[in-house]
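Numbering (this note's numbering), first residue to last: 679 to 1697.
Read through the structure below, which is laid out as C-alpha cells, and then see the notes.
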C-alpha cells in the first residue's frame, strides 16, 4: 500500500471527457463572490450561502471562484459534508478544511491554536491528544465552537482565508450548529465563508430548514440562488464540450431533456457522442445517470459499486482490501472509471470519489439488498483487520456504520457503542445521541453472551458506578437510556431527553419493572428536573423532592451526593435558608465518603454561597476561594468559572463591589482563554452590576452590549436586559427601560421564578411606574413583592425595591391621586424595612436612606437623618446613591433655612456626579432645586439670600394660586369658579405655568411643585 499516493496522483492526471471546459453564465453570481472576497481582504468578514438544485452547477461556480481568489493570494480550504454512507461522522467539513489549512499553513495554524491544542484536537486530531477530561457540560460544545472561531480569526488576521463548506444538505447536526455559531459570532479577520447546499433536497422537515431560517435573520449573510441555464447558455455549454458549434436540433433536444440542468446537459452529450439520440433515451433519470457506468469494463463497474457504498470518499488502501483485485487489475479498473469521468482522484488525498453525487446515488440505489450488505461487511472486516486504512478520527464511526448496514447486530452493537464514545469525546452530542438510539434499536437483536461481555466503564459515563464492580457488571439497557438522556440534554434536544427519561422511569418504577433500583430512579428524576426547568415547564422542585425521597436512608453514594448537590443548588437559587444549607453540608460529607472530588467541589461551592447568605461571610468566601483555586489546579475550568460567578455575586451581595469587579475580571480572563462563553456571560452580567454600583455606567453598558451580541443562554441575557433597564431609568429613558424589561421577562419566562430575577424585575417595573406618575401601580407592584416574600440573602435585590417605593411615595406627597392607600403603603414599607437584613455597611446605608425617604413621605425632612445617610454612603463607592442623598440633604437644609453654603456645596457635588454619569433625572432635580433657591452650581462663591417672594421660575402670585389648585386636581372650570375668573383665563394661566416649569402636563406640574415645595404640602 505504499504506492497509494503515486497511484492517485497518476490517475488524477488521466484525461477526462464531458466536464464543460468553458465556464458558462453565472457572471453575476461570480461577481458577488469575488466582491465578498475583496471586502474580506479589507478586514470585513463575509459569509455567503450558495443554493441550487442537484446538478445545476454549484461546484463548478465554486471551482471558478476558488481559482480566481487563489490567483489573488487567498488561502483556500474546502471541506465537504459526508453522505449517508458514513453517518455519525461529526464536524466532517470543518475537520477536512482545517486539515487543508494545516498543510498550507502549518506554523501559522500551530501558533493560532497555541494553548488550546487539546480542545481543538476534537476537530483536528493532528493537533495532539484531546486535552481536558472534565465531565461533559452543556457549554462544552459552545466552548469548542468559540475556540474554533478564534482559531479562524487568528489565521485570517494577516492573510485572506476562504473557507468553503460543500453539501450542507448532508451536514450532521454538530456541523450545522458549528456553522451557525461561526456565522453568528465571526466579527473580525480577513475571511470568507461560503457554504453550498441542494435547495431541492430541503423538504419541509429537513434538519437544514431551522438553520436556514436562523441564517436568514442574520443580515450579514448573503444567499445566492443558482437558476437553471437558459437555451442560449446551454448552447454555449455544448459548444465548449464539443469544441464546435452544435446544430440547432441538438441544442433543442438537449435543452428540452435537461431543462437547463448543467450536469444533465453533460450526461446527454456523452450519450449523444456514443451514438444515442437524445430523444431515444429512457425517461428514467437513474437510467440516464447509469448509462456510462454500465458502459465500463466489468471490473470498473464493480469498483464503482464498491466506492458508491463506501461513503463520500474511499481511501485507495481500503478500496483495495474490499475489491480483492490484484493491484494491476484495480489500477486498470480505476483508470477506466476515472477516464470516463465517473470517479475522480481526491485532491491532496489518497482516495477516490464520484465526480457527482447524483451518479453515486444512482449506482448505490441500483445495488441489490444482499449485495449492499455484503459490501458493507467487507468494509467493516477490512477496517477491523487493519484500522490504519482510514484516519483515526473516522475509524470508529465508519466501522459502526458498515457493521450496521451489514445487518449484523452482534458486530454492530459494540461498534456503535465505541463510535458513541468517540463522538462524546468530540463534544458531538447530537451524533452521540443518534448512535445511542441505534444501539437501543439493536439491543434486543444481540445475543445475550455479547451483551454480557459489554461493560459500562467502556461505553457509559453519565450514570456513576455506585458500588458496582466495573470488571464484572454488564452493561444494561438502562445505562444506554441514561447516556442517551444525558446526550440529548447536552445537545439541546430536551424533548427527546424527556421522553427517554420517561421510558427509563417506566422500566424502573412501572408495573413491568423487573427490579427496584432507587438510586438509578433518583438519577433519572434529577435529570428530569434539569430538563423540565430548561423547557420552562416548571421550576424542577417536584422532581428533586422525589429524588430525595428515593435516596433517603440509603448508604452514601455518588448518586446520593449528586441529589443533595442539586437540591442545595435549587434552594440557593429559589429558597436560600437552613434546609438548603443542611443539604449542601450533607452533600459535601457524602461526596467525601465516596471519594468523588468533582461532586465535593460542586457541593462546597454551593455551601460557600449559602454560608455567605446565612451570615458566615468570611467562612463562605474562603470556601469559594478554595474551590476556585482547587478547580483551576485540576483543570476543571467549567467548575472554576462557576466559582468566579458565585464569588463575584457574593461579594456584590456584601457591598464589596470593587472587589467583586476584580474577581469578575479575573474570571472573564479564564473563561475567555478557554472559550467558556456561557460562563463568561454569567460573569460579565455580575461585572455589569458591580460597575453600575461603582458608577462605571459606560463600562457596564459595553459589557451588556457584548452579552447581547454573544448569544449566551437566556438567563444571563435576561439579567443583562434588567441591567440595561435599570440604567435607562437612571438616565431618564423610560421607553428604553420598557423595551428592556419586556426582553428580560421573555428570557426569564414564568415557569421557574427565582428571587434574584423576580425582585429586580419588579423593582424596574415599580421604578417605571414611579417615573410616569402611576403611584397606584407602584403600590400594586410593591404589594406583590412583599406578599411573595424576601428569602434570606435577597436583601441585595430587596433594598433597592423598598427604596424606590419609598421615594415614589415621598415624591407623590400631597397629590390627590396618592391620598387613598398612602398610610397603609407607608406602614407596609416600614414593616418590610424593619424585617430586612443589613449584613454590610452598604445595606445599612440603604436602610437609612429608605427610612429618610419614608420620613419625607410623611411630610418631615429631618436634617440629621439625611446627614446620617450621606455620612454612611460617603465611604462606600456608590456615587449615584450618594448624589441622591446629597440632593435630599441640601433640600432639607434649605427647608430648615440658614445653611445655604452647605446646601450649595452638596448640590454642586450631586450635580457633578449626575453630569458625569448621565443621570438626567437627578441632574434635572438638582438644577431645579438650585434654581429655586438661587444657588450657583458652577462657583463656590457664597450664595446670595433670595428676596422675599422671589420665585426662580418667574411665577406670578396669581399663577401660584392657579398652580395650587392644579396640584389639588381642579379642572379649568373649577379653578375659574374658585378664583372668580373665566375658564379661558384659567386655561391661559395653566399653559403659562406649564411653560415656565418646563413640563408637559398638569400631573407633572403638580408633582414638580410638591417635589420642590413651591407650595405648602398638605400632610
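C-beta: ideal position from N, C-alpha, C; glycine also.
Simplified DSSP state of residue i, which is helix, strand or coil
i            : result
residue 1133 : coil
residue 1468 : coil
residue 734  : coil
residue 899  : strand
residue 757  : strand
residue 1607 : helix
residue 874  : strand
residue 1031 : strand
residue 1007 : helix
residue 1679 : coil
residue 1361 : helix
residue 844  : strand
residue 869  : strand
residue 728  : strand
residue 993  : strand
residue 1022 : strand
residue 839  : strand
residue 1216 : coil
residue 1674 : helix
residue 1665 : helix
Own chain residues within Cβ distance below 8 Å of residue i, not counting five before or after
i            : result
residue 916  : 924, 928, 929, 932, 943, 947
residue 1263 : 1285
residue 1554 : 1333, 1519, 1520, 1523, 1560
residue 1533 : 1539, 1540, 1543
residue 1115 : 1162
residue 1663 : 1654
residue 1545 : 1567
Per-residue burial, residue i [other beta carbons within 10 Å of its own, 16 or more giving buried]
i            : result
residue 1658 : exposed
residue 1060 : buried
residue 1031 : buried
residue 1698 : Outside the shown range of the chain (679 to 1697) lies residue 1698, about which nothing can therefore be said.
residue 1616 : exposed
residue 1230 : exposed
residue 817  : buried
residue 903  : exposed
residue 1539 : buried
residue 972  : exposed
residue 1549 : exposed
residue 1393 : buried
CB of residue i within 8 Å of CB of residue j, strictly
i            : j            : result
residue 1111 : residue 1166 : yes
residue 1491 : residue 1451 : no
residue 1530 : residue 1543 : yes
residue 1705 : residue 1489 : Only positions 679 to 1697 of the chain appear in the structure, and residue 1705 is not among them; the question remains open.
residue 1299 : residue 1305 : no
residue 980  : residue 1020 : no
residue 1487 : residue 1500 : yes
residue 854  : residue 886  : yes
residue 1205 : residue 1164 : yes
residue 1600 : residue 1551 : no
residue 1288 : residue 1321 : no
Contacting residues, own chain, Cβ-Cβ under 6 Å from residue i (five flanking each side not counted)
i            : result
residue 871  : 725, 841
residue 897  : none
residue 727  : 873, 901
residue 1402 : 1382, 1418
residue 1399 : 1418, 1421, 1422
residue 1680 : 1644
residue 1331 : 1474
Other residues of its chain near residue i: CB distance less than 7 Å, five sequence neighbours each side excluded
i            : result
residue 1253 : 1469
Cβ of residue i within 8 Å of any chain D Cβ
i            : result
residue 1385 : Absent here is chain D; the protein component of the structure consists of one chain.
Runs of alpha helix (DSSP H) lying entirely within the stretch 768-793, each at least 4 residues, in chain order: 770-782, 784-790
Continuous beta strand (DSSP E) assignments of at least 3 residues falling wholly in the stretch 1103-1182: none
Completely contained beta strand (DSSP E) runs for the stretch 1554-1598, where each covers 3 or more residues: none
Runs of alpha helix (DSSP H) lying entirely within the stretch 910-937, each at least 4 residues, in chain order: 926-936
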